[in-house]
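K.L.:
Protein chains: 2
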Amino acid sequence: MRPADWLQLFGTALERGDIAAAADLFEPGGYWRDLVAFTWNIKTCEGRGEVKAMLAATLAAVRPRNFVPKSDEWFSFETAAGRGVGHLRLRGRHCRTLLTTLQELKGFEETRDPGNGRPSEATQPYVVIVGGGQGGMALAARLKRLGVPALVVEKHARAGDSWRKRYASLCLHDPVWYDHMPYLPFPDHWPVFSPKDRMGDWLEMYAKVMELDYWTSTPCVSASFDREKELWEVKVMRNGEPVTLRPRHLVLATGMSGFPSIPRIPGADGFEGRIVHSSAHDGGAAWKDKQCVVVGSSTSAHDICEDLHRQGAAQVTMIQRAPTIVVRSGTLMDLAWGPLYSEQAVARGITTATADLTVASIPFRLLPEFQIPVYAAIRDRDADLYAGLDKAGFLYDFGADGSGIHSLYLRRGAGYYIETGASQMIIEGRIKLRSRVSVERLNRKSATLSDGTELPADLVVCATGYGSMNQWAAELISQEVADRVGKVWGLGSDTKQDPGPWVGELRNMWKPTQQPNLWFHGGNLMQSRHYSLYLALQLKARMEGIPARAYHVEPVHHLS
Amino acid sequence: MRPADWLQLFGTALERGDIAAAADLFEPGGYWRDLVAFTWNIKTCEGRGEVKAMLAATLAAVRPRNFVPKSDEWFSFETAAGRGVGHLRLRGRHCRTLLTTLQELKGFEETRDPGNGRPSEATQPYVVIVGGGQGGMALAARLKRLGVPALVVEKHARAGDSWRKRYASLCLHDPVWYDHMPYLPFPDHWPVFSPKDRMGDWLEMYAKVMELDYWTSTPCVSASFDREKELWEVKVMRNGEPVTLRPRHLVLATGMSGFPSIPRIPGADGFEGRIVHSSAHDGGAAWKDKQCVVVGSSTSAHDICEDLHRQGAAQVTMIQRAPTIVVRSGTLMDLAWGPLYSEQAVARGITTATADLTVASIPFRLLPEFQIPVYAAIRDRDADLYAGLDKAGFLYDFGADGSGIHSLYLRRGAGYYIETGASQMIIEGRIKLRSRVSVERLNRKSATLSDGTELPADLVVCATGYGSMNQWAAELISQEVADRVGKVWGLGSDTKQDPGPWVGELRNMWKPTQQPNLWFHGGNLMQSRHYSLYLALQLKARMEGIPARAYHVEPVHHLS
């Protein structure tokens with residue numbers, strides 16, 4: 026069956042309200058992923074039964090129509106409230122995967138800035154966004170284009186500091202085509218991998234030219250929701266002065282790397298050296314000729330070990346507690362990014378929007394199937410790297426099911442390293458490695474490992490990752506609210522740190538949570554860019570009084 | 026004849042060195058405009074004779090080849106040194122207009138930034154650019170992409186101040202699609218006409234993210250050329266400290282609006298009010314309830330009159346000495362810009378580069394022919410405006426030959442107003458008008474006009490324009506060098522302030538001058554963007570030792 030024909034059948038079934046017929050156009054286990062258009066949520070229906078249930082709840086109000094093919098895969102459509110874009114994968118006569126996304130609201134489309142410079146009225150913002158990194162900024166930019174008054178509160182003194190204040194050698198590991206901010210892409214000559222300060226400067230500029238309402242030096246202190254008024258009371262310290270904001274909605278865009286996980290190591294109090302989480306580690310210059318121990322084996326750990334070694338540390342030892350996925354940067358570029366986010370992709374006419382929607386069109390349940398062959402090829406292409414890591418005793422794998430970095434990122438948000446030099450140093454023995462151990466105790470000038478051995482240590486860096494973003498809700502709002510919302514991120518894949526049941530979408534991200542008017546925004550640069558659109562549309566709909574009742578807000582299965 | 030066939034004949038004639046045959050492919054009065062590729066200059070050959078002379082001097086060294094049509098109008102080609110793009114207008118079997126442009130130098134193409142953050146060596150810059158407005162910045166950005174060390178010295182404290190420090194109501198009058206900077210276009214939602222501060226902020230950001238070597242608070246004090254060493258000695262004051270620079274090349278990018286023309290009015294010393302050039306006028310708030318006289322009738326005069334009136338001046342009188350071209354902004358957008366620089370043009374696939382090259386493909390001698398019908402249509406469409414101006418006594422025309430604003434701009438750089446409200450105020454009598462008069466004398470509290478009448482005056486603003494850019498050469502270098510270079514701008518059209526003989530290109534702009542290693546860059550935003558490429562390529566060629574002897578550097582006919 027041709028895609029145009031399937032769309033024709035699908036559209037007419039929906040228009041006559043024939044839910045059963047519409048569902049039967051899917052494979053029995055077919056997928057329909059909807060970003061806002063039908064469900065006012067971010068939701069994957071898996072199988073005909075879930076498709077039927079969703080349509081039963083939403084079809085009458087959504088009134089979808091006008092399914093127009095644009096190519097064999099892409100189509101446009103309309104609903105009562107908006108216009109959208111979709112993607113279709115057919116297998117024979119049935120749909121294997123369908124993606125529907127809302128792109129704009131009728132009557133509330135993004136507008137060109139009139140440029141008359143009138144300052145916005147001094148009213149309360151409709152949305153307060155806590156966190157002014159790339160996620161908070163991307164969302165604020167979308168909201169501004171939609172005419173939703175939004176205020177970003179950023180604790181640092183300058184926009185971009187969330188990048189500048191990281192360790193000196195931090196560099197973007199995702200290539201530039203993956204990293205564009207909305208509306209203002211990097212120029213063509215931008216480095217493929219931007220150093221942190223350059224990213225920080227770009228973000229600082231972005232906030233300014235996009236005219237975001239953005240308060241620096243403004244940590245958020247607390248927030249509480251008044252259910253009757255449906256307003257948040259958000260207390261911030263603006264340049265040291267307390268200010269109370271009363272937005273309708275609160276978005277936590279505090280970042281995947283916002284809330285450090287710092288292990289409590291016995292003896293830390295008596296340790297005479299410096300012990301610090303990777304997020305507070307300044308960089309290697311001070312540690313020349315010193316004994317350095319880095320706990321962890323993912324990105325931060327590798328980058329920090331490399332930096333310490335280059336700066337002349339006497340010895341740098343990585344303490345690897347569990348396996349890490351390692352992939353060479355160039356290989357990942359060629360085999361993983363290449364088809365969608367690369368110079369070649371741009372040359373083939375793949376726009377950022379197309380690439381983002383293509384990624385979005387792959388249901389999370391199916392992603393491993395798409396990725397496992399890619400990682401088999403990666404393993405093969407870089408056999409020398411993996412042989413070297415084996416010899417050095419470094420523990421690596423390609424994910425619980427071989428589905429690689431992106432899957433792991435969705436499940437856990439961590440646990441991988443994109444090799445840009447540190448792996449080679451490990452192989453060459455320039456970075457020392459102790460694997461399958463952890464730090465059991467700190468002594469005055471050394472660390473005792475779980476195998477009983479002792480390492481001299483002037484510096485211990487805990488590159489031990491970050492906690493669930495709902496810890497921010499606990500910190501700023503209340504434990505009660507944090508528990509009401511539950512764990513943020515992960516898919517319920519029943520792999521390490523991502524316990525089941527399967528929920529099919531990233532928990533609590535970019536969509537309604539169990540706490541009314543509380544939202545989470547973030548992810549990597551691609552997700553921050555792409556999903557900022559859908560979150561902005563949901564907020565705009567509420568501001569304009571467009572009926573936007575979310576279908577099936579996921580219940581909470583885990584608290585963290 | 027099809028364009029592809031003409032190109033075939035042309036290419037083969039050139040390849041076998043048959044200059045006569047190549048020239049015969051042109052109409053007897055046909056035009057060939059070359060931007061660097063053949064002439065290492067910016068040069069229009071008019072007629073077969075000039076074509077032959079140019080080829081006789083350049084063909085052997087240029088070795089053009091590989092003329093490949095891309096469409097009916099556009100083609101690519103190569104020379105010994107580079108790759109280019111060209112445009113062809115055929116009439117029957119002959120070429121009416123040919124454009125050839127160098128786009129890149131073989132072996133010295135623009136590169137992607139490696140992003141490794143290595144600071145440039147602390148050497149002398151190869152090029153010093155005096156003036157850090159949009160012109161200086163555009164050139165600096167191009168040079169950076171080509172690996173030519175260049176330093177911009179800007180007298181103001183912040184990049185963008187050349188915009189910020191203008192009168193408050195200043196707004197861009199050219200639409201956004203015309204105004205993009207190289208490499209980093211404005212986002213899609215940017216206002217069609219940016220207010221001055223927004224433009225200033227964009228430029229400040231531009232200098233930063235494009236990583237230009239840019240010194241603020243650094244006025245240039247003097248410069249002199251050492252012919253033997255072929256080096257300039259450029260003295261600047263950097264944050265109050267004297268610094269001497271020794272570049273190979275000096276570019277004056279001081280702007281069309283850089284050197285005010287301030288008339289000496291008898292009695293100015295005894296005048297008790299404020300008399301100021303428009304460039305130093307702060308804005309209307311201080312002049313509420315005051316008597317204001319504005320001398321001049323072009324853009325600045327209209328903007329300032331409007332602003333003074335809105336701010337509550339008791340009376341605002343415009344003193345119009347000579348006719349001004351007036352066109353409504355929307356009409357200009359529709360009828361003049363629309364085909365090339367508009368939302369519609371973008372939607373039709375006209376890129377900025379295509380638009381720029383299309384404008385460049387029209388020889389200056391032919392431009393009036395293209396423009397006169399446009400202005401006839403404008404006159405007709407806005408008959409009401411012109412009737413109103415007639416009634417108010419405002420003197421307008423459509424250029425000496427009816428060829429409108431862009432022609433006038435090329436000839437004189439001034440003398441027009443794009444109506445965004447002030448003309449209507451004149452028609453309504455809210456701005457008073459005295460035309461065909463000038464200010465003869467200032468008294469203590471009034472101005473006496475050339476018709477003997479007296480106007481009370483607390484403020485006299487001389488919106489009397491700016492002088493030729495070679496005045497900067499006189500100021501910074503010497504009168505001798507300024508005279509050696511001669512008048513900057515204008516075409517030799519034998520119209521007001523643009524005396525003949527016809528030179529066919531803008532005098533001294535973006536190309537070699539009679540002073541070795543001295544260049545001028547600037548123009549409006551479109552010209553600053555487009556011609557920065559050709560100037561940068563000429564400088565790069567010299568830096569790399571590529572033979573780049575300019576064909577026919579125009580002799581000087583006028584000193585100012």
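Quick note, the sequences are listed as chains A and B, same order.
Under the numbering used here, think of the first position of the first sequence as 26, with each following residue one higher.
Under the numbering used here, think of the first position of the second sequence as 26, with each following residue one higher.
Don't be surprised by glycine CBs; every beta carbon is placed ideally from N, CA and C.
1. I'd like to know if M230 of chain A contacts chain E, where contact means its C-beta is closer than 7 Å to some C-beta of that chain.
2. Select from B:A326, B:A47, B:K169 and B:H334 the residue whose C-alpha is nearest the C-alpha of R455 of chain B.
3. Can you look up D314 of chain A in the DSSP assignment and give me helix, strand or coil?
4. Does the Cβ of A182 of chain A have 16 or more other Cβ atoms within 10 Å, making it buried, or fewer, making it exposed?
5. Taking all protein chains shown into account, decide if G477 of chain B is buried (16 or more other Cβ within 10 angstroms of its Cβ) or exposed.
6. Assuming P398 of chain B and L270 of chain B make a contact with CB atoms under 8 Å, what is their CB distance in whole Å?
7. Please decide whether V234 of chain B counts as near chain A, where near means a Cβ-Cβ distance under 7 Å.
8. For K68 of chain B, does the count of other Cβ atoms within 10 angstroms reach 16, so buried, or fall short, so exposed?
9. Along chain B, which residues have their Cβ under 8 Å away from the Cβ of Y192 of chain A?
10. So with Cβ pairs under 7 Å, would you call F218 of chain A a contact of chain B?
11. In chain A, what lies closer than 7 Å to W227 of chain B by C-beta?
12. From what residue to what residue does the beta strand (DSSP E) around L168 of chain B run?
13. Rounded to a whole number of angstroms, what is the C-alpha to C-alpha distance between K565 of chain A and A163 of chain A?
14. Considering M235 of chain A, what are the terminal residues of the alpha helix (DSSP H) in which it resides?
15. Report the rounded CA-to-CA distance for M235 of chain A versus A38 of chain A, giving the unit in angstroms.
16. Are the region 408-424 of chain B and the region 298-314 of chain B in contact at 8 Å, needing three or more beta carbon pairs?
17. Using a Cβ-Cβ cutoff of 7 Å, what residues of the region 171-205 of chain B are near chain A? List them in chain order.
18. I'd like the list of long-range same chain contacts for M534 of chain B, defined as Cβ closer than 6 Å, with 5 residues on each side in sequence excluded.
19. If we count Cβ pairs, one from each stretch, closer than 8 Å, do we get three or more for the region 60-74 of chain B versus the region 119-132 of chain B?
20. Since L357 of chain A and F389 of chain A are thought to touch, with beta carbons under 8 Å apart, how far apart are those beta carbons, to the nearest angstrom?
21. What is the DSSP secondary structure of Q540 of chain B, reduced to helix, strand or coil?
22. Pick out whichever of A:S247, A:K190 and A:Y239 has its Cα sitting closest to the Cα of G225 of chain A.
23. Return the chain-ordered list of same chain residues with a C-beta closer than 8 Å to the C-beta of P94 of chain B, the five sequence neighbours on each side being excluded.
24. Excluding five sequence neighbours on each side, which residues of the same chain lie with their C-beta closer than 6 Å to the C-beta of G413 of chain B?
25. Could you tell me the boundaries of the beta strand (DSSP E) in which Y591 of chain B lies?
26. Rounded to whole angstroms, how far is the Cβ of K470 of chain B from the Cβ of N66 of chain B, which I believe are closer than 8 Å?
27. Using the Cβ count rule (16 or more neighbours within 10 Å means buried), how would you classify P526 of chain A?
28. Residues of chain B with CB under 8 Å from H214 of chain A, in chain order?
29. Could you check where the beta strand (DSSP E) with M262 of chain B kicks off and where it finishes?
30. Do L277 of chain B and A165 of chain B have their C-beta atoms closer together than 7 Å?
31. Leaving out five residues on either side along the sequence, give the residues of the same chain with a beta carbon under 6 Å from the beta carbon of A82 of chain A.
32. Do I443 of chain B and H198 of chain B have their CB atoms nearer than 7 Å?
33. Which residue wins for smallest C-alpha separation from G438 of chain B, given the options B:G446, B:G429 and B:T445?
34. Cβ atoms of D138 of chain B and P216 of chain A: under 7 Å apart, would you say?
35. Would the beta-carbon of A293 of chain A fall within 7 Å of that of I300 of chain A?
36. Ignore the nearest five residues each way along the sequence and tell me which others in T445 of chain B's own chain have a CB closer than 7 Å to its CB.
P.N.:
In brief:
1. This model lacks chain E altogether; the protein chains it does include are A and B.
2. B:H334
3. coil
4. exposed
5. exposed
6. In fact, because the Cβ distance is near 50 Å, the residues do not count as touching under 8 Å.
7. So, interface residue.
8. buried
9. Listed along the chain, the chain B residues whose CB falls inside 8 Å of the CB of Y192 of chain A amount to none; the nearest CB is some 14 Å away.
10. Taking Cβ atoms only, chain B reaches closer than 7 Å to F218 of chain A, which makes this a yes.
11. Result: V234.
12. No beta strand (DSSP E) holds L168 of chain B; the alpha helix (DSSP H) holding it covers Q159 to R170.
13. If you take the alpha carbons of K565 of chain A and A163 of chain A, they lie about 15 Å apart.
14. That residue, M235 of chain A, is in no alpha helix (DSSP H); it is neither H nor E in DSSP.
15. About 43 Å.
16. no
17. none
18. F545
19. yes
20. In fact, because the Cβ distance is near 20 Å, the residues do not count as touching under 8 Å.
21. coil
22. A:K190
23. P28, A29, L32 and F100
24. I452
25. Limits of chain B in this structure are 26 at one end and 585 at the other, which puts residue 591 of chain B out of reach.
26. At roughly 55 Å, the Cβ-Cβ gap does not stay under 8 Å, so K470 of chain B and N66 of chain B are not in contact.
27. exposed
28. E135, T136, R137, D138, R170 and Y208
29. L256 to R263
30. no
31. Y576
32. yes
33. Checked all of B:G446, B:G429 and B:T445; the closest Cα to G438 of chain B is B:G429.
34. yes
35. yes
36. Excluding sequence neighbours, T445 of chain B sits near S354.
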